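Novice:
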Amino acid sequence: MKRVYVNEKWCLGCHLCEYNCAFANSGDTDMVRALKGKKIVPNIVVEEAGDINFAVSCRHCKDPICVKSCISGALSIEDGAVKIDKEKCVGCLTCVLVCPYGCIREGENGAATKCELCLENSCGEPACVKGCPNRAIVYEDRG
Amino acid sequence: MKNYVIIGNGAAAVGAIEGIRSADRDSRITVISREACHVYARPLISYLLEGKTDLKRMLYRPEDFYEKNRAEVLYGKSAVKIDPEKRTVTLDSGEEIGYDALLCAAGSTPFVPPFEGLDGVKNVHPFMTLSDAQALEKDLAPDKKVFIIGAGLIGLKCAEGILERVGSVTVCDLAPRVLSSILDEECAALMEERLKEHGVKFLLGDTVERFEGQKAIMKSGKTVDFDILVTAVGVRPNISLVKDAGGECGRGISVDEKMRTTLPGVFAAGDCAESFDITSQTKKVMAIMPLAYMQGHCAGVNMAGGGETLDSCMPFNSIGFFGLHCMSAGSYEGECYEEKGEGTIKRLYVKDGRLIGFMLIGRNERAGIYTALIRNRTPLSEIDFETLKKTPGLAPMGKNYRTEKLGGAV
Ligand SMILES: Cc1cc2nc3c(=O)[nH]c(=O)nc-3n(C[C@H](O)[C@H](O)[C@H](O)COP(=O)(O)OP(=O)(O)OC[C@H]3O[C@@H](n4cnc5c(N)ncnc54)[C@H](O)[C@@H]3O)c2cc1C
Ligand code: SF4
Ligand code: SF4
Chain E
517 MKRVYVNEKW CLGCHLCEYN CAFANSGDTD MVRALKGKKI VPNIVVEEAG
567 DINFAVSCRH CKDPICVKSC ISGALSIEDG AVKIDKEKCV GCLTCVLVCP
617 YGCIREGENG AATKCELCLE NSCGEPACVK GCPNRAIVYE DRG
Chain U
8 MKNYVIIGNG AAAVGAIEGI RSADRDSRIT VISREACHVY ARPLISYLLE
58 GKTDLKRMLY RPEDFYEKNR AEVLYGKSAV KIDPEKRTVT LDSGEEIGYD
108 ALLCAAGSTP FVPPFEGLDG VKNVHPFMTL SDAQALEKDL APDKKVFIIG
158 AGLIGLKCAE GILERVGSVT VCDLAPRVLS SILDEECAAL MEERLKEHGV
208 KFLLGDTVER FEGQKAIMKS GKTVDFDILV TAVGVRPNIS LVKDAGGECG
258 RGISVDEKMR TTLPGVFAAG DCAESFDITS QTKKVMAIMP LAYMQGHCAG
308 VNMAGGGETL DSCMPFNSIG FFGLHCMSAG SYEGECYEEK GEGTIKRLYV
358 KDGRLIGFML IGRNERAGIY TALIRNRTPL SEIDFETLKK TPGLAPMGKN
408 YRTEKLGGAV
């Protein structure tokens with residue numbers, strides 16, 4: 517299955533992916549209107565540590581512990597991608613407590629939020645990948 | 008073709024159905040369900056009363072779940088006896104069902120201490136099932152005074168769920184703090200504060216001596232007048248079916264890392280079972296939804312002849328009250344690393360060079376990275392724990408870890 521991978525040698529730590537992610541999931545058509553002056557809660561987060569930077573988003577694990585742990589049944593696997601039904605989610609954050617990679621977080625409106633590979637929004641392919649200026653994040657099939 | 012039988016229809020049963028089907032597409036699955044309804048998310052009953060979910064959204068699995076997994080559910084029926092020699096289960100209707108592999112996923116039953124005068128109290132409700140919540144809901148009205156016995160997770164979730172719909176909510180507990188089984192004093196105090204700010208009243212370190220009609224006389228001498236009583240003192244694992252059949256039981260049904268009981272062909276999972284907690288190195292009942300599912304899944308795979316093991320169980324919990332979240336995991340022993348902020352606490356416990364537990368109040372960001380350190384028993388000498396203890400991240404896990412986890416499919 518295609519997943520999002522980062523090459524930490526090439527990641528500049530510019531955080532553009534975070535903004536592209538927040539915009540893609542905002543449902544808005546205007547980036548400025550969608551993001552300006554707002555605290556964004558993107559589903560991809562750049563870690564900075566000394567001389568390395570890398571963007572991390574959901575690994576879409578083959579045996580996802582978040583899905584097994586969700587207390588409401590809001591998380592599920594669809595063709596390998598791990599999806600969240602925000603209508604079902606009650607925001608208990610049990611998923612946040614179990615994700616080994618820190619890739620699901622408290623979102624807005626009392627629900628958890630995570631990367632859904634832009635399959636659920638109008639983007640169609642990961643906005644973080646499309647907008648990465650240094651092609652440090654790629655969307656490819658590594659098994 | 009085998010005959011798989013599952014007693015109970017909660018998260019553990021769902022795990023088992025999915026586990027069995029991952030290994031065996033064809034054999035027969037029969038589910039014996041005392042509750043006469045499709046499987047719902049039990050923890051959501053308080054959210055239902057709060058209006059944050061509804062009957063449709065709170066289904067733990069979609070409506071076509073049993074059909075898709077070809078599981079037959081006997082709704083409204085209870086198992087009353089297991090015969091491990093004949094390999095049969097007897098139902099309350101007298102019917103006998105044969106099995107090749109059996110799972111006991113019977114959950115637990117609310118426990119109500121024999122308070123003097125309880126018989127004379129009206130509008131008494133446990134808070135365990137959807138029908139308990141619906142019965143309680145019928146009694147709710149803006150002028151009602153509610154008294155909840157038990158300041159554990161169930162009692163407090165109930166308090167949060169109904170607070171806006173009644174006149175007042177008072178919670179008592181024998182323990183001197185709220186959530187006493189998962190939090191220490193200081194962490195509990197923050198949670199208590201948040202609940203109080205929203206209007207929940209507390210009588211802690213105090214319990215009911217006797218009831219005189221709709222009035223509780225407390226040990227301290229205080230009295231509480233109420234219209235509705237919710238009993239949330241605790242639960243007891245449903246072990247009798249396995250115990251009476253000769254299976255080994257402690258507080259829960261004793262299982263190994265494959266969820267096998269001591270009876271051949273009989274498995275147990277979820278709130279009725281006790282398994283090994285890697286953080287305290289003891290067997291205990293860990294009554295949480297994620298483990299119910301995972302144990303059920305493990306049992307299911309093994310019932311179908313597969314080889315799943317679950318050898319990293321520990322208690323953990325994430326729960327919020329009025330927007331303040333508390334997270335906890337493992338055991339609170341060893342050396343403690345602490346950070347305190349405005350209304351927040353982080354406590355990490357390190358023993359023998361490994362993280363074995365933590366409490367986080369108002370700080371949930373990427374907490375799963377800590378949980379994974381406990382689950383994987385990661386030697387802290389192999390990672391940059393000095394950085395990690397301040398901010399959970401993957402950078403301090405080291406290059407190799409990142410290459411493996413971020414560079415390929417996991
Ligand atoms: C109000 C509330 C809030 C909670 N909140 C959380 C939370 O936030 N996070 C968390 O992790 N956990 C929470 N829990 C705990 C969680 O709900 C349980 O750990 C989980 O439901 C256990 O699943 P189970 O399948 O083992 O048992 P259950 O879900 O209890 O299912 C067992 C089923 O078996 C049936 N049964 C029993 N005996 C028989 C018999 N003889 N024959 C046929 N059927 C039988 C019962 O009727 C029941 O339907 C909460 C629980 C409650 C009540
Ligand atoms: S949220 Fe975490 S546990 Fe769940 S699939 Fe993504 S990386 Fe895996
Ligand atoms: S926060 Fe939502 S998605 Fe996460 S475990 Fe709770 S109900 Fe499930």
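Protein sequence lines, in the order shown, are assigned to chains E and U. The numbering of the first sequence is my numbering, which starts it at 517 and goes up by one. The numbering of the second sequence is my numbering, which starts it at 8 and goes up by one. All C-beta atoms, glycine included, are put in the ideal place defined by N, C-alpha and C. Just so it is clear, the structure is predicted and the values come from calculations on it, not from any experiment.
Would you say the beta carbon of LYS630 (chain E) comes nearer than 6 Å to a heavy atom of ligand 2?
Specialist: As a first step, residue 630 (chain E) is located in the first sequence; it is residue number 114 there, counting from the start. Answer for LYS630 (chain E): yes, Cβ within range of ligand 2.
Novice: Counting only the same chain and skipping the five closest in sequence on each side, list residues whose C-beta sits under 6 Å from that of ALA18 (chain U).
Specialist: The residue you call residue 18 (chain U) lines up with position 11 of the second sequence. For ALA18 (chain U), where only same-chain residues beyond five positions count, the Cβ hits under 6 Å are MET296, ALA299 and TYR300.
Novice: Determine the direct distance from the alpha carbon of LEU633 (chain E) to that of VAL598 (chain E), and round the result to whole angstroms.
Specialist: Taking the first sequence and counting its residues from 1, one reaches residue 598 (chain E) at position 82. Taking the first sequence and counting its residues from 1, one reaches residue 633 (chain E) at position 117. Using only the alpha carbons, I get a separation of about 9 Å.
Novice: Any residue with its C-beta under 6 Å from a non-hydrogen atom of ligand 2 counts. Can you list them all in chain order?
Specialist: With the cut-off at 6 Å, the residues found are E:CYS574, E:ARG575, E:HIS576, E:CYS577, E:PRO580, E:ILE581, E:CYS582, E:VAL598, E:CYS615, E:TYR617, E:CYS619, E:ILE620 and E:LYS630.
Novice: I want to check one thing, is the minimum distance from the CB of VAL606 (chain E) to the heavy atoms of ligand 3 below 6 Å?
Specialist: In the first sequence, residue 606 (chain E) corresponds to position 90, counting from 1. Indeed, a heavy atom of ligand 3 lies less than 6 Å from the Cβ.
Novice: Do CYS611 (chain E) and ligand 3 come close, with the Cβ less than 6 Å from some heavy atom?
Specialist: Counting from 1 along the first sequence, the entry for residue 611 (chain E) is found at position 95. Under cutoff, so the answer is yes.
Novice: For CYS615 (chain E), which of E:ALA628, E:LYS604 and E:GLU624 has the nearest alpha-carbon?
Specialist: Counting from 1 along the first sequence, the entry for residue 615 (chain E) is found at position 99. Minimum Cα distance to CYS615 (chain E) is reached at E:ALA628.
Novice: Is GLY360 (chain U) near LEU387 (chain U), with beta carbons less than 7 Å apart?
Specialist: Stepping through the second sequence from its first residue, residue 360 (chain U) is reached at position 353. Stepping through the second sequence from its first residue, residue 387 (chain U) is reached at position 380. Their beta carbons are under 7 Å apart, which means GLY360 (chain U) touches LEU387 (chain U) by this criterion.
Novice: Tell me which residue opens and which closes the beta strand (DSSP E) that HIS332 (chain U) is part of.
Specialist: Taking the first residue of the second sequence as position 1, residue 332 (chain U) is located at position 325. It spans 331-337 - the beta strand (DSSP E) in which HIS332 (chain U) sits, taken as one unbroken run.
Novice: Taking one C-beta from the stretch 164-172 of chain U and one from the stretch 48-63 of chain U each time, how about it: are there three or more such pairs within less than 8 Å?
Specialist: These segments touch.
Novice: Given that LEU51 (chain U) touches chain E, what residues does it touch there, using C-beta distances under 8 Å?
Specialist: Locating residue 51 (chain U) in the second sequence gives position 44, counting from the first residue. What LEU51 (chain U) touches in chain E: ILE587, SER588 and VAL606.
Novice: Distance, Cα to Cα, LYS267 (chain U) vs GLU389 (chain U)?
Specialist: On the second sequence, residue 267 (chain U) is found 260 positions in, with the first residue counted as 1. On the second sequence, residue 389 (chain U) is found 382 positions in, with the first residue counted as 1. Correcting the residue type first, residue 267 (chain U) is Arg in the shown sequence and not Lys. Going from the Cα of ARG267 (chain U) to the Cα of GLU389 (chain U) covers about 35 Å.
Novice: How would you list, in chain order, the residues of chain E whose beta-carbon sits under 8 Å from the beta-carbon of MET225 (chain U)?
Specialist: Here the question's residue 225 (chain U) lines up with position 218 in the second sequence. Ordered by position in chain E, no residue passes the 8 Å Cβ test against MET225 (chain U), which lies about 32 Å from the chain.
Novice: Return the CA-CA distance between ALA416 (chain U) and ILE600 (chain E), expressed in angstroms with no decimal places.
Specialist: In the second sequence, residue 416 (chain U) corresponds to position 409, counting from 1. In the first sequence, residue 600 (chain E) corresponds to position 84, counting from 1. Taking the straight line from one Cα to the other gives about 20 Å.
Novice: Could you tell me whether any non-hydrogen atom of ligand 3 is closer than 6 Å to the CB of CYS333 (chain U)?
Specialist: Numbered from its first residue, the second sequence carries residue 333 (chain U) at position 326. Every heavy atom of ligand 3 is 6 Å or more from the Cβ of CYS333 (chain U), so no.
Novice: For chain U, check one thing: does any of its Cβ atoms lie closer than 7 Å to the Cβ of LYS518 (chain E)?
Specialist: The residue given as residue 518 (chain E) occupies position 2 in the first sequence. Judged by the 7 Å Cβ criterion, LYS518 (chain E) is not in contact with chain U.
Novice: For SER325 (chain U), decide whether its Cβ has a neighbour in chain E, counting only Cβ atoms nearer than 7 Å.
Specialist: The residue you call residue 325 (chain U) lines up with position 318 of the second sequence. At least one chain E Cβ lies under 7 Å of SER325 (chain U).
Novice: Is GLU563 (chain E) close to chain U? Criterion is C-beta to C-beta, closer than 7 Å.
Specialist: Here residue 563 (chain E) refers to the residue found at position 47 when the first sequence is read from its first residue. It does: the Cβ of GLU563 (chain E) has a partner Cβ on chain U nearer than 7 Å.
Novice: By how many angstroms is the C-alpha of GLY369 (chain U) removed from the C-alpha of LEU609 (chain E)?
Specialist: What you label residue 609 (chain E) is simply residue 93 of the first sequence in a count that begins at 1. What you label residue 369 (chain U) is simply residue 362 of the second sequence in a count that begins at 1. Going by the C-alpha atoms only, they are around 12 Å apart.
Novice: Who are VAL87 (chain U)'s beta bridge partners in DSSP?
Specialist: Within the second sequence, numbered from 1, the residue matching residue 87 (chain U) stands at position 80. None; VAL87 (chain U) has no bridge partner.
Novice: In chain E, which residues lie less than 9 Å from GLU411 (chain U) when you measure between Cβ atoms?
Specialist: Taking the second sequence and counting its residues from 1, the one referred to as residue 411 (chain U) is at position 404. Within 9 Å Cβ-Cβ: nothing; GLU411 (chain U) doesn't reach chain E, min ~11 Å.
Novice: I need the straight-line Cα distance from SER261 (chain U) to VAL12 (chain U), nearest angstrom please.
Specialist: Residue 261 (chain U) sits at position 254 when you count from the first residue of the second sequence. Residue 12 (chain U) sits at position 5 when you count from the first residue of the second sequence. So the alpha carbons of these two residues sit roughly 19 Å apart.
Novice: Quick one: which unbroken beta strand (DSSP E) runs of 3-plus residues sit fully inside the stretch 330-401 of chain U? Chain order, please.
Specialist: Here the runs fully enclosed are 331-337, 342-348, 351-358 and 361-368.
Novice: Run the CB neighbour count on ALA43 (chain U), radius 10 Å, all protein chains shown included, and call it buried at 16 or more, exposed below.
Specialist: Within the second sequence, the letter at position 36 stands for residue 43 (chain U). Burial call: exposed.
Novice: Going by the C-beta, is GLY259 (chain U) closer than 6 Å to any heavy atom of ligand 1?
Specialist: Locating residue 259 (chain U) in the second sequence gives position 252, where the first residue counts as 1. Because no heavy atom of ligand 1 lies under 6 Å away, the Cβ of GLY259 (chain U) does not count as near it: no.
Novice: Under 7 Å Cβ-Cβ, which residues of chain U neighbour GLU622 (chain E)?
Specialist: Here residue 622 (chain E) is taken as the residue at index 106 of the first sequence, counted from 1. Within chain U, the residues near GLU622 (chain E) are ASN371.
Novice: Flag this pair as yes or no: are the beta carbons of GLY607 (chain E) and GLY589 (chain E) separated by less than 7 Å?
Specialist: Counting from 1 along the first sequence, the entry for residue 607 (chain E) is found at position 91. Counting from 1 along the first sequence, the entry for residue 589 (chain E) is found at position 73. In this structure, GLY589 (chain E) does not lie closer than 7 Å to GLY607 (chain E) by Cβ.
Novice: Taking only beta carbons into account, state which residues of the stretch 63-77 of chain U come closer than 9 Å to chain E, listed in chain order.
Specialist: So the list reads ARG64, MET65, LEU66, TYR67, ARG68 and PRO69, given in the order they occur along the chain.
Novice: Do PRO133 (chain U) and GLY618 (chain E) have their beta-carbon atoms positioned less than 7 Å apart in this structure?
Specialist: On the first sequence, position 102 is the one that residue 618 (chain E) refers to. On the second sequence, position 126 is the one that residue 133 (chain U) refers to. Against a cut-off of 7 Å, the Cβ pair of PRO133 (chain U) and GLY618 (chain E) comes out as no contact.
Novice: Would you call LYS604 (chain E) buried or exposed, if buried means 16 or more other Cβ atoms sit within 10 Å of its Cβ?
Specialist: Along the first sequence, one-based indexing puts residue 604 (chain E) at 88. The residue is buried, with at least 16 neighbouring Cβ atoms inside 10 Å.
Novice: Per the DSSP calculation, ARG261 (chain U) is bridged to which residue(s)?
Specialist: Translated into positions along the second sequence, residue 261 (chain U) becomes position 254. The sequence given here places Ser at residue 261 (chain U); Arg does not occur at that position. Partner(s): U:GLU281.
Novice: Give every residue of the same chain whose Cβ lies closer than 6 Å to the Cβ of ALA342 (chain U), excluding the five residues on either side of it in the sequence, and list them in chain order.
Specialist: In the second sequence, the residue the question calls residue 342 (chain U) occupies position 335. According to the sequence shown, residue 342 (chain U) is Glu rather than Ala. Within the same chain, GLU342 (chain U) has close Cβ partners VAL357.
Novice: Which residue's Cα is closest to the Cα of LYS63 (chain U): U:ALA48, U:GLU74 and U:SER53?
Specialist: As a working note, residue 63 (chain U) is residue 56 in the second sequence. Considering only alpha carbons, the answer is U:ALA48.
Novice: Could you pull the DSSP bridge partners for MET296 (chain U) from this structure?
Specialist: Counted from its first residue, the second sequence places residue 296 (chain U) at position 289. MET296 (chain U) pairs with nothing; no bridge assigned.
Novice: Helix, strand or coil for TYR106 (chain U)? Go by DSSP, reduced to three states.
Specialist: Taking the second sequence and counting its residues from 1, the one referred to as residue 106 (chain U) is at position 99. Note: TYR106 (chain U) maps to coil in three-state DSSP.
Novice: What is the DSSP secondary structure of GLU632 (chain E), counted as helix, strand or coil?
Specialist: Here residue 632 (chain E) refers to the residue found at position 116 when the first sequence is read from its first residue. Coil at GLU632 (chain E), not helix or strand.
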